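Novice: Residue numbers (numbering that gives the first Met the number 0), protein chains in the order written: chain A, 0 to 470; chain B, 0 to 274; chain C, 0 to 339. Structure in structure tokens, see below.
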Amino acid sequence: MVAFDEMTGTGAELRPAYEALDRWLKEAPPEMLALRRSQAELFFRRIGITFAVYGDEESTERLIPFDIIPRVLTKPEWAKLEKGLRQRVTALNMFLADVYGPKECLKAGIIPPDLVYRNACYQLEMVDFQVPHGIYCHIAGIDIVRVDADTFYVLEDNARTPSGVSYMMENREVMLRLFPELFAMHRVAPVDNYPDQLLATLRSVAPRSASSDPTICLLTPGQYNSAFYEHSFLADKLGVELVEGSDLLVKDDVVYMRTTQGPKRVDVIYRRIDDDFIDPLVFRGDSVLGVPGIISAYKAGNVTLANAVGTGVADDKAVYSYMPEIVKFFTGEEPILKNVPTFRCREPEANAYVLDNLDKLVVKEVNGSGGYGMLVGPHANKAQIETFRKKLKAQPEGFIAQPTLALSTCPTFVASGVAPRHVDLRPYVLSGANGISCVPGGLTRVALKEGSLVVNSSQGGGTKDTWVLDA
Amino acid sequence: MRIRISHSITYAYDEPVRQLTQILRLTPRDHDGQHVMSWRIEPTVDGNLRAGQDAHGNIVHTFSADGPISDLAIHVGGVIETLDLAGVIRGTIERVPPDVFRRDTLLTTPDDALRDFAVAATRADSTPLAKMHALTEALHDLLACDRSGQRTGIGAAAAFAARGGIPQDLTHVFMTCARQLGIPARYVSGYVAQSDALPEAEGAHAWAEAHFDDYGWIGFDCANGLCPIDTHVRIAAGLDFADAAPVRGARKGGSGENLAVLVSARAANAQFANQ
Amino acid sequence: MHDGNHAFPHSRFQDAAPRIAKRPDLTMLSRTADSLYWVSRYVERAEYLARILDATMRLTNLPSSYGGAGTEWHSAVATAGCEETFAKAYGEANERNVCDFLTFNPDNLSSIRNCFALARSNARAVRTALTSEMWDALNSAWLELQRFEKKRMDREEFARFLDWVKNVSLVFDGSAYRTMLRDDSYWFSRLGVYIERADNTARILDVKYHVLLPESEQVGGSLDYFQWTTVLREVSALTAYHWVYREAVKPQLIADLLILNRRMPRSLAACYENISRFLDALGDAYGRHGPAQRQARKTLANLSNARIDSVFQHGLHEFIEDFISENGRLGLTISEQYLQ
């Protein structure tokens with residue numbers, strides 16, 4: 000299986016977007032590339048952009064490797080992607096409003112009702128509750144993979160608390176510092192207006208009772224969370240307070256933050272805490288990260304949570320397999336972005352096929368994330384396959400399976416020099432009462448191990464700057 | 000049967016509480032076979048007590064108070080009139096579809112032993128209803144029930160492995176098995192009155208309800224090995240104990256919490272019932 | 000709209016250089032203020048521990064006929080205010096045990112190591128409230144500390160280590176002074192410094208008061224000279240003493256310098272002058288003066304009106320003990336008024 004290469008296509012050609020970069024790479028001595036790479040690393044260390052790896056005692060703070068060769072998209076490629084992303088996120092929001100409201104899509108048989116009702120992410124507290132301005136998923140991260148010149152698949156929708164946007168911005172920052180000559184050769188669409196767009200989005204969804212200058216804050220689980228750097232980065236760029244659960248209090252269904260001048264009312268909370276932990280009075284009672292009473296304030300309409308509670312039902316992997324039908328049902332249009340062909344193991348025929356072909360397929364747990372509850376058939380050993388076979392037989396509805404995709408590759412600077420490595424792309428889509436926005440590009444993640452298809456940072460993936468050429 | 004209930008939950012704190020919020024699911028609603036004649040809910044500390052409803056339609060009081068508070072008691076009670084409907088539940092408020100109650104939750108996560116047991120205990124029966132009766136009997140025989148009120152729940156799998164637990168645990172075991180068999184099951188918290196039929200059962204109690212396409216919701220009480228009768232007073236229902244918990248709270252300060260609970264549920268003397 | 004004019008990376012370079020936290024209106028999260036306050040306290044405390052160790056080393060290096068009583072190391076632990084924890088962890092107060100306890104011992108909440116660890120973790124939680132210079136100072140101190148921790152140190156190396164600790168504090172303090180906006184974040188950070196410093200100076204006096212009393216001058220005679228100079232060294236005031244008094248070292252003047260003399264930056268009076276000043280700045284900015292301001296003013300007035308001979312007359316020890324508990328109370332009041 001030969002993967003499509005972002006620079007050379009299926010082999011011999013040189014794709015136009017990469018012409019200048021190719022010339023530059025040919026002239027650049029490897030020592031220079033190595034030097035710039037170590038400068039980039041130094042930059043990231045200095046600013047302290049780290050993430051925590053769960054279960055890794057050695058170092059709780061680690062750098063995600065950064066690759067200095069950018070991934071380049073042309074303007075028409077991006078235009079098509081962006082259109083597809085807007086359509087997809089529109090559908091996600093309409094789907095959420097529907098399953099927590101009239102449930103038309105369930106009645107119409109677009110998706111089996113039990114897939115929604117039995118999903119632990121379908122939050123009963125949200126049923127028949129009108130979220131402020133009707134928007135559920137304010138910040139979405141849609142994982143995209145490419146298999147050929149024209150085909151982009153959505154691999155996963157992240158509708159809860161997608162992370163990584165700080166890497167998108169810092170990657171660009173470091174590239175601008177280290178490779179000014181490359182930016183002189185290319186017209187690269189900027190990404191540094193993301194915080195402004197995010198702030199506008201958050202302001203637009205303030206509750207109607209809020210003042211014209213709503214108070215916004217970013218709620219973090221705290222400095223030991225793997226994405227803490229990003230939380231503090233974003234709070235800083237947005238110019239809003241970075242709060243922990245204990246900084247907030249609820250009185251008479253109004254949320255306040257504890258300040259040196261006493262309690263100050265909060266109108267919009269960009270929360271980076273999962274549903275389960277956000278309110279110990281409603282969800283997990285053992286959560287010390289959340290704010291007791293915040294759900295009650297939310298339901299009284301006195302505060303907006305972004306994203307809304309209960310968006311997880313839309314990015315469930317089993318629901319994912321119905322996304323093409325969902326997009327069509329709600330937008331009345333053909334989906335612009337395709338889904339990866341997916342076997343729903345809850346369907347007996349599909350499961351039989353999956354069990355027969357475990358060595359060829361990627362099997363994913365429907366409620367897992369971060370690549371942990373996953374079997375990559377072609378790279379798995381017998382024991383791993385047998386473990387999954389047992390799981391699949393015991394609980395088929397807990398899984399989906401997909402063919403192993405030939406993710407596109409992109410030239411990457413590795414130990415042996417410049418070589419192709421598999422990449423994906425996570426663009427960030429913002430939805431507010433002010434409409435949908437999406438900065439050009441997103442975060443490109445790269446599997447640094449030769450042949451590996453797993454791009455997750457927790458499994459040895461790195462990142463690249465993503466360029467959308469403006470001309 | 001006319002039942003008089005008196006339930007006191009008393010907290011004493013080593014270090015005073017600065018701020019406290021509690022969610023109280025301690026108020027019954029009317030439905031077929033249950034009529035609330037009188038009911039009160041009284042915290043002994045001044046604060047803000049507001050009534051609302053949760054996702055299931057249970058009546059929820061949110062109580063919040065500012066400290067310093069060293070002692071707090073919540074007194075609830077009243078008089079309920081009940082009828083024996085052989086466990087059939089009708090006239091309740093239903094906010095979410097039965098499919099919701101097929102979810103696994105933290106307290107009702109099955110393990111292999113529970114999966115095997117659910118199938119084995121109900122193999123001889125063909126209808127869902129018969130299977131649930133069989134399950135109730137099997138669990139009543141197999142699991143020891145601790146009614147001391149001194150212990151807290153440990154979850155379905157652990158209770159099953161230990162072959163016993165408090166009524167909450169037995170209920171979770173039943174629900175886990177039912178859900179494994181594809182039958183929606185939910186948790187009910189309430190009270191059981193003293194009676195000749197159940198001489199040891201008096202007090203706060205928990206049981207399960209299972210849903211059948213033909214009959215709707217029917218109650219199953221594994222601790223007592225029967226379907227709820229007119230001694231059972233239904234207070235709240237949910238996905239599991241955590242979802243239907245009588246009291247959930249959060250507080251600032253107040254380390255060293257000492258809890259005491261006193262419950263009585265007795266047949267009300269008709270003479271006093273109308274006060 | 001955007002025509003890709005990103006070919007000017009140099010202007011962006013400057014972006015990433017020193018950054019000053021800015022806030023539109025003057026109020027901050029209580030937790031942020033709390034962290035700023037404690038970051039300063041911990042750094043100040045680390046420096047203080049280094050000074051105690053440094054001065055004690057000097058004193059114990061003297062031949063015993065020059066006044067060494069053999070209890071110097073015990074007195075160092077007492078001055079650090081952690082006698083109880085020490086007694087539990089070690090038996091004897093000797094050089095090795097005490098140095099270990101006060102520097103790298105992870106179980107001693109007030110070891111230099113833990114002071115730096117706590118300062119950094121408080122700083123990390125409120126990264127954006129610090130300037131990058133302040134963060135750099137703490138972050139590199141933490142990394143460097145781990146290198147020291149791994150080394151086997153001889154006396155010379157240990158002395159270098161103590162110098163380094165004092166230096167970290169200087170760099171941190173200097174960055175705060177030179178890079179922070181003069182608003183509430185700065186004032187809270189300063190309050191931490193001075194509350195801690197006042198406590199430290201008072202503790203030195205509390206442990207050493209007996210060598211400053213007139214009787215001991217008669218009993219010990221000139222042997223006490225080195226005890227006195229040690230007290231001065233612990234607050235870096237030996238040279239200052241001579242400049243201020245132009246006299247031989249005398250216990251009463253030492254007490255005057257450390258308690259009442261506002262020219263001496265570690266004196267209780269100087270600390271309270273600053274505490275009162277920064278609390279007033281907060282009160283003015285927030286439009287409300289509260290119990291913290293009143294308490295600080297009262298203590299400052301007491302220090303301004305006192306004369307050293309009357310302090311001795313009424314009992315130096317009592318005076319110091321009262322001060323320590325009042326200073327502690329002010330810390331709690333500040334915390335209640337602003338930091339919770």
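Positions of the beta carbon are idealized from the N, C-alpha and C atoms, including for glycine. For clarity, every value in this text was computed on a predicted model and none was experimentally measured.
Name the chain C residues that come within less than 8 Å of Arg257(A), Cβ to Cβ?
Specialist: Here the neighbours are Leu28, Ser29, Arg30 and Gln339.
Novice: Using the DSSP secondary-structure output, state which residues sit across from Ile217(B) in a beta bridge.
Specialist: Per DSSP, Val87(B) and Ala209(B).
Novice: For Ala156(B), would you say it is in contact with chain A, using Cβ-to-Cβ distances shorter than 7 Å as the test?
Specialist: For Ala156(B), the answer is no, since every Cβ of chain A falls outside 7 Å of its Cβ.
Novice: Any idea what DSSP makes of Arg61(A), helix, strand or coil?
Specialist: It is a strand residue.
Novice: Does the Cβ-Cβ distance between Ser139(C) and Leu338(C) come in under 7 Å?
Specialist: No, the pair does not count as a contact, with Cβ atoms beyond the cut-off.
Novice: Mapping the DSSP letters down to three states, classify Gly473(A) as helix, strand or coil.
Specialist: The first residue shown for chain A is 0 and the last is 470, placing residue 473(A) beyond what the model contains.
Novice: Give a yes or no on whether the minimum CB-CB distance between Glu240(A) and chain C is below 7 Å.
Specialist: Chain C, which has a Cβ nearer than 7 Å to the Cβ of Glu240(A), makes this yes.
Novice: Confirm, please, whether the CB-CB distance from Leu248(A) to Ile272(A) is below 7 Å.
Specialist: No, these two residues do not count as a Cβ contact at 7 Å.
Novice: Pull the bridge partners of Arg250(B) from the DSSP assignment, please.
Specialist: In the DSSP output, where bridge partners are listed per residue, Arg250(B) has Leu19(B).
Novice: Tell me the DSSP secondary structure of Gly133(A) in three-state form.
Specialist: In this structure, Gly133(A) counts as helix in the three-state DSSP scheme.
Novice: For Asn192(A), count neighbouring C-beta atoms within 10 Å of its own C-beta (all shown protein chains included) and say buried if the count is 16 or more, exposed if not.
Specialist: So Asn192(A) ends up on the exposed side.
Novice: With a threshold of 7 Å between beta-carbons, can Ala124(C) be considered close to chain A, or not?
Specialist: Yes, contact with chain A.
Novice: Does Tyr116(A) get closer than 7 Å to chain B when you measure Cβ to Cβ?
Specialist: Interface residue, yes.
Novice: Return the residue from the list Arg250(B), Val16(B), Cys221(B) and Ala244(B) that minimises the CA-CA distance to Gly164(B).
Specialist: Among Arg250(B), Val16(B), Cys221(B) and Ala244(B), the Cα nearest to that of Gly164(B) is on Cys221(B).
Novice: Please decide whether Ser162(A) counts as near chain C, where near means a Cβ-Cβ distance under 7 Å.
Specialist: It does not: the Cβ of Ser162(A) has no partner Cβ on chain C nearer than 7 Å.
Novice: Answer yes or no: do Trp72(C) and Val38(C) have a C-beta to C-beta separation smaller than 7 Å?
Specialist: Their beta carbons are not under 7 Å apart, which means Trp72(C) does not touch Val38(C) by this criterion.
Novice: Given a limit of 9 Å on CB to CB distance, which residues of the region 75-99 of chain B reach chain A?
Specialist: Going along the region 75-99 of chain B in chain order, one finds Arg94, Val95, Pro96, Pro97, Asp98 and Val99 with a Cβ nearer than 9 Å to chain A.
Novice: Got a sec: is the Cβ-Cβ distance from Arg24(B) to anything in chain A below 7 Å?
Specialist: Not closer than 7 Å to any Cβ of chain A, the Cβ of Arg24(B) fails to qualify, so no.
Novice: Helix, strand or coil, according to DSSP, for Cys344(A) in the structure here?
Specialist: Residue state, collapsed to three classes: coil.
Novice: Would Ala133(B) and Thr121(B) be called neighbours here (beta carbons separated by less than 7 Å)?
Specialist: Yes, the pair counts as a contact, with Cβ atoms nearer than the cut-off.
Novice: Which runs of the beta strand (DSSP E) at least 3 residues long sit entirely within the region 371-456 of chain A? Give them in chain order.
Specialist: For the region 371-456 of chain A, whole beta strand (DSSP E) runs of length 3 or above, ordered along the chain, are 373-375, 398-402, 408-413, 416-425, 427-431, 434-437 and 442-446.
Novice: Return no unless some Cβ of chain A is closer than 7 Å to the Cβ of Tyr285(C).
Specialist: Yes - at least one Cβ of chain A is within 7 Å of the one on Tyr285(C).
Novice: Compare the C-beta of Thr9(B) with all C-beta atoms of chain A and state if any pair is closer than 7 Å.
Specialist: Not closer than 7 Å to any Cβ of chain A, the Cβ of Thr9(B) fails to qualify, so no.
Novice: Leaving out five residues on either side along the sequence, give the residues of the same chain with a beta carbon under 6 Å from the beta carbon of Gly370(A).
Specialist: Residue placement at Gly370(A) is flagged as unreliable, the pLDDT there being 48, under the threshold of 50; the coordinate-derived value follows with that caveat. Around Gly370(A): Val453, Asn455 and Gln458.
Novice: Return the chain-ordered ranges of every alpha helix (DSSP H) run that is complete within the region 73-154 of chain C and spans a minimum of 4 residues.
Specialist: Runs of the alpha helix (DSSP H) inside the region 73-154 of chain C: 82-88, 94-102, 111-124 and 131-149.
Novice: Measuring only between beta-carbons, confirm whether Glu56(A) sits less than 7 Å from chain C.
Specialist: Note that Glu56(A) has pLDDT 37, beneath the 50 cutoff, so the model's placement of it is unreliable and no number is given.
Novice: Considering only their Cβ atoms, is the gap separating Ala118(C) from Leu144(C) smaller than 7 Å?
Specialist: No, they are not a contact pair.
Novice: To which residues does DSSP link Val75(B) through a beta bridge?
Specialist: Answer is His6(B) and Ile40(B).
Novice: In the DSSP assignment, the beta strand (DSSP E) including Asp464(A) goes from what residue to what residue?
Specialist: Asp464(A) -> beta strand (DSSP E) spans Gly460 to Val467.
Novice: Please state the DSSP three-state secondary structure of Thr108(B).
Specialist: Coil at Thr108(B), not helix or strand.
Novice: Do Ala90(A) and Ile325(A) have their beta-carbon atoms positioned less than 7 Å apart in this structure?
Specialist: Yes, Cβ-Cβ distance for Ile325(A) and Ala90(A) is below 7 Å.
Novice: What residue range is occupied by the uninterrupted beta strand (DSSP E) comprising Pro262(A)?
Specialist: Gly261 to Arg264 is the span of the beta strand (DSSP E), which, as asked, contains Pro262(A).
Novice: Assign Ile262(B) to one of three DSSP states: helix, strand, or coil.
Specialist: It is worth fixing the name first, because residue 262(B) is Val in this sequence and not Ile. In the structure shown, Val262(B) sits in a strand (DSSP, three-state: E or B).
Novice: What is the rounded straight-line gap between the Cα of Ala155(B) and the Cα of Leu106(B)?
Specialist: One C-alpha to the other measures close to 6 Å.
Novice: In the DSSP assignment, find the unbroken alpha helix (DSSP H) run with Thr229(C) in it and report its ends.
Specialist: Note, Thr229(C): alpha helix (DSSP H), Tyr224 to Glu233.
Novice: To the nearest angstrom, how far is the alpha carbon of Gly284(A) from that of Pro42(B)?
Specialist: Between Gly284(A) and Pro42(B), the C-alpha separation is close to 22 Å.
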